[in-house]
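In numbering that gives the first Met the number 0, the protein residues as written are 0 to 390.
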Amino acid sequence: MVDDARTDTPEGTKGLLAPIQRIHRSRSTMLRLSVAGMLTTLVVGGVAAVNQRTQYTLEVDGEQLELVTFGSDVRAALADAGYTVDERDVVIAPSDRLGDGDTVTLLRARPVTVEVDGRSEQVWTTATTVADLVAERGDVPPRSYVTPRIDSPVPLDGASVSVVTPRELLLSDNGGPATPMSSPGETVGEFLERARITLGPQDTVTPAPDAPAEPGTPITITRVTTAVEKVVEPFEAPERTIDDPEAVEGERTVTESGVPGEREVQYSVTRVNGVETGRERSSENILTEARPAVVRVGTKPRPAVPEPSNGGVWDSIAACESGGNWSINTGNGYTGGLQFAASTWLAYGGGQYAPTADQASREQQIAIAEKVQAAQGWGAWPACTAKLGLR
0 MVDDARTDTP EGTKGLLAPI QRIHRSRSTM LRLSVAGMLT TLVVGGVAAV
50 NQRTQYTLEV DGEQLELVTF GSDVRAALAD AGYTVDERDV VIAPSDRLGD
100 GDTVTLLRAR PVTVEVDGRS EQVWTTATTV ADLVAERGDV PPRSYVTPRI
150 DSPVPLDGAS VSVVTPRELL LSDNGGPATP MSSPGETVGE FLERARITLG
200 PQDTVTPAPD APAEPGTPIT ITRVTTAVEK VVEPFEAPER TIDDPEAVEG
250 ERTVTESGVP GEREVQYSVT RVNGVETGRE RSSENILTEA RPAVVRVGTK
300 PRPAVPEPSN GGVWDSIAAC ESGGNWSINT GNGYTGGLQF AASTWLAYGG
350 GQYAPTADQA SREQQIAIAE KVQAAQGWGA WPACTAKLGL R
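This is the structure:
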């Protein structure tokens with residue numbers, strides 16, 4: 000049977016098997032036993048090597064690797080995979096001995112400089128992202144402002160992380176009441192920006208944007224806007240006057256009434272906290288022309304009024320009524336030194352001198368006063384004439 004098997008051996012292997020075949024045909028018992036022992040050792044050693052081969056999963060900083068090792072110790076397997084474990088690193092495994100199918104987790108430590116509200120410290124962490132670092136610390140309040148971004152990686156060679164925690168300030172915006180508001184910001188400008196409060200180009204803020212945002216600080220935002228408004232307004236043309244030598248000087252007679260026109264006026268309107276504080280005309284456009292009024296103005300000299308014989312009495316009454324001011328007009332309905340009501344002045348002929356007493360001379364006012372006194376007596380000036388003993 001051996002000869003049959005040898006005969007069936009493929010041609011390419013005959014050279015390799017020749018020594019074995021010669022040993023097999025040898026009649027030496029010792030040679031046959033030596034070769035058999037050597038083959039047994041090779042087979043057993045190969046089986047043992049296969050049995051020591053371990054497949055496992057290595058997860059390093061969140062990344063998984065499928066590896067094979069011939070060691071049974073976790074640390075040795077990590078070294079075999081090329082990882083040196085530092086005392087700050089974290090190794091997670093079912094046990095110190097590595098079993099087939101085990102998962103080994105290696106979290107490598109990295110140095111991080113953490114600054115919280117200006118206070119800095121150096122820490123070691125196995126966190127691979129800023130978010131993991133924040134969660135690991137547990138002392139970062141919600142709505143804190145963290146840089147770099149929360150989803151940024153923390154490199155193995157280290158990083159710097161800045162945290163600004165929220166603080167509560169009192170904000171008055173656009174003239175409104177002061178309201179508590181929380182936002183992370185070391186300055187007033189950062190506080191407003193991170194609270195998503197924007198300032199217009201003309202707005203002002205107190206304190207200044209670069210001032211420190213200390214808890215409880217009152218902040219006032221004044222909103223200033225400038226807008227363009229277009230308004231249609233009536234307007235009158237300047238009156239046209241004609242001298243009338245037949246009319247008394249100062250007498251005016253309208254011979255042709257004016258007609259107002261219309262114009263579109265553009266204003267630049269400034270408002271502070273919604274209240275208008277300024278309005279400047281920037282342009283105008285005539286829509287309808289105005290027609291001027293025509294007025295005849297008298298140029299004939301007024302008749303001279305003789306000096307009253309009892310002018311001193313009237314001066315005394317004027318001193319009492321108006322402080323001696325013959326051209327006074329306070330807007331209370333009484334004018335002139337003797338405080339004529341408009342109706343009285345016109346009823347007794349004052350219109351021939353002036354529309355109201357304050358526009359007439361002292362002598363003209365006394366002339367009308369004498370007419371009033373003749374008709375009504377000194378009672379027309381009850382308080383002052385009684386004070387002067389005239390009645």
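For glycine and all other residues, C-beta sits at the position ideal for the given N, C-alpha and C.
Please say whether residue j and residue i have beta carbons closer to each other than 8 Å?
i: Ala353; j: Ala346; result: no
i: Phe234; j: Pro208; result: no
i: Ala210; j: Val227; result: no
i: Gly336; j: Ala317; result: yes
i: Arg270; j: Thr224; result: yes
i: Val264; j: Glu232; result: yes
i: Ala108; j: Arg87; result: yes
i: Trp313; j: Ala368; result: yes
i: Leu66; j: Ala78; result: no
i: Tyr55; j: Ala75; result: no
Closer than 7 Å by C-beta to residue i: which residues in its own chain qualify, once you throw out the five before and the five after it? Chain order, please.
i: Ser315; result: Leu387
i: Arg193; result: Tyr144, Ser182, Pro183 and Gly184
i: Cys383; result: Ile316, Cys319 and Glu320
Counting only C-beta atoms, is residue i closer than 8 Å to chain D at any point?
i: Asp156; result: No chain D is part of this structure, which consists of one protein chain only.
Excluding the 5 residues flanking residue i on each side, which residues of the same chain have their C-beta closer than 6 Å to its C-beta?
i: Val274; result: none
i: Val247; result: Gly297, Lys299 and Arg301
i: Ala92; result: Val73 and Val103
i: Thr53; result: Thr68, Leu97 and Asp99
i: Gln201; result: Val223
i: Val115; result: Val162
i: Thr146; result: Ser161
i: Asn328; result: Thr334 and Asp357
Quick one: Cα of residue i to Cα of residue j, how far?
i: Thr287; j: Val293; result: 19 Å
i: Leu172; j: Glu279; result: Checking the sequence, you will find Asp at residue 172 rather than Leu. Cα-Cα distance, rounded: 26 Å.
i: Gly376; j: Thr252; result: 34 Å
i: Phe190; j: Thr203; result: 15 Å
i: Asp138; j: Ala130; result: 13 Å
i: Gly311; j: Arg295; result: 38 Å
i: Pro176; j: Ile218; result: 11 Å
i: Gly330; j: Arg195; result: 55 Å
i: Thr83; j: Ala134; result: 27 Å
i: Trp344; j: Thr355; result: 7 Å
i: Arg166; j: Ser119; result: 19 Å
i: Gly257; j: Ala289; result: 8 Å
i: Gln363; j: Asp357; result: 10 Å
i: Ala385; j: Ser342; result: 24 Å
i: Arg361; j: Ser267; result: 48 Å
i: Gly350; j: Cys319; result: 24 Å
i: Ala379; j: Glu250; result: 28 Å
i: Leu389; j: Pro381; result: 10 Å
i: Ala47; j: Gly61; result: For Ala47, the pLDDT reaches just 40, beneath the cut-off of 50, and the residue's location in the model is therefore unreliable, leaving the point undetermined.
i: Met180; j: Asp95; result: 54 Å
i: Ser326; j: Lys370; result: 20 Å
i: Asp101; j: Val59; result: 14 Å
i: Gly322; j: Thr276; result: 39 Å
i: Gly199; j: Thr164; result: 26 Å
i: Gln63; j: Gly174; result: 59 Å
i: Gly44; j: Ala158; result: Note that Gly44 scores 41 on pLDDT, short of 50, meaning its location in the model is unreliable; the coordinates nonetheless yield the value given after this. The straight-line gap from Cα to Cα measures roughly 50 Å.
i: Pro140; j: Lys229; result: 52 Å
i: Leu57; j: Ser71; result: 14 Å
Mind reading off the beta-carbon distance from residue i to residue j? Whole number of angstroms is fine, and I expect it under 8 Å.
i: Asp150; j: Thr128; result: 6 Å
i: Thr221; j: Asn284; result: That belief does not hold up - the Cβ atoms of Thr221 and Asn284 are roughly 34 Å apart, past 8 Å.
i: Leu106; j: Val122; result: The pair is not a contact, with the Cβ atoms about 15 Å apart (cut-off 8 Å).
Closer than 8 Å by C-beta to residue i: which residues in its own chain qualify, once you throw out the five before and the five after it? Chain order, please.
i: Leu132; result: Val111, Val113, Thr124, Ala126, Val153 and Val160
i: Tyr333; result: Phe339 and Ala340
i: Gly117; result: Glu185
i: Ser281; result: Val227, Gln265, Tyr266 and Ser267
Is there at least one non-hydrogen atom of the ligand FAD closer than 7 Å to the beta-carbon of residue i?
i: Asn173; result: Among the ligands in the structure shown, none appear at all, so the ligand FAD cannot be discussed.
- Do the region 240-250 and the region 212-225 make contact, defined as three or more Cβ pairs closer than 8 Å? no
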